[in-house]
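Residue numbers (our numbering): 164 to 299.
From the three backbone atoms N, C-alpha and C, an ideal C-beta is built for every residue, glycine too.
None of the values given here were measured: they were computed from a predicted structure.
Right, one structure below, let's go through it.
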């Protein structure tokens, strides 16, 4: 249900190779009032390129939150995190990362949580109650 109050965030980036998950998660993020805009990218490379591009364009705000899947082909979420660490400081300081994964492996959870930019690890599926509990 669409919230009548303004969205909590202006821009969220969702990185996941699963089109169905993206459709559902984008709807939850925007209809719950968590974020006004949810940009979807289906690969780590596409997301990195997008962040670098919009960082140079003052008309498009950087996402305040990035929802990141770990299990993706070619470059997984961990490879994205490694590359994210090398991005321009303004990007790294503007974006907080929430891992949104189906993995319940303690190794994955610990490895992702050890990254300085990861603020939370959530298991799929995304639910509105998880968004309400995120303090940004």
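- Scanning its chain for C-beta atoms nearer than 8 Å, with the 5 sequence neighbours on each side dropped, one finds around residue 208 the residues 237, 238, in chain order.
- Around the beta carbon of residue 195, 16 or more other beta carbons lie within 10 angstroms, which makes this residue buried.
- Counting only runs that start and end inside the segment 191-231, the beta strand (DSSP E) elements of at least 3 residues fall at 198-204, 228-231.
- Counting along the chain, residue 286 sits inside the beta strand (DSSP E) bounded by residues 281-286.
- Rounded to whole angstroms, residue 192 and residue 198 show a C-alpha spacing of 6 Å.
- From the listed residues 173, 175, 216, 263, the smallest Cα separation to residue 184 is found for 263.
- According to the DSSP assignment, residue 274 belongs to the alpha helix (DSSP H) that extends over 269-276.
- A Cβ-Cβ contact shorter than 8 Å links residue 246 with residue 211.
- Rounded to the nearest angstrom, the gap between the Cα atoms of residue 259 and residue 224 is 14 Å.
- Judged by DSSP in its simplified three-state form, residue 244 adopts helix.
- The closest CA to that of residue 213, considering only 180, 190, 189, 254, is found on 254.
- Ranked by how close their Cα comes to the Cα of residue 267, the residues 290, 248, 249, 233 have 233 in first place.
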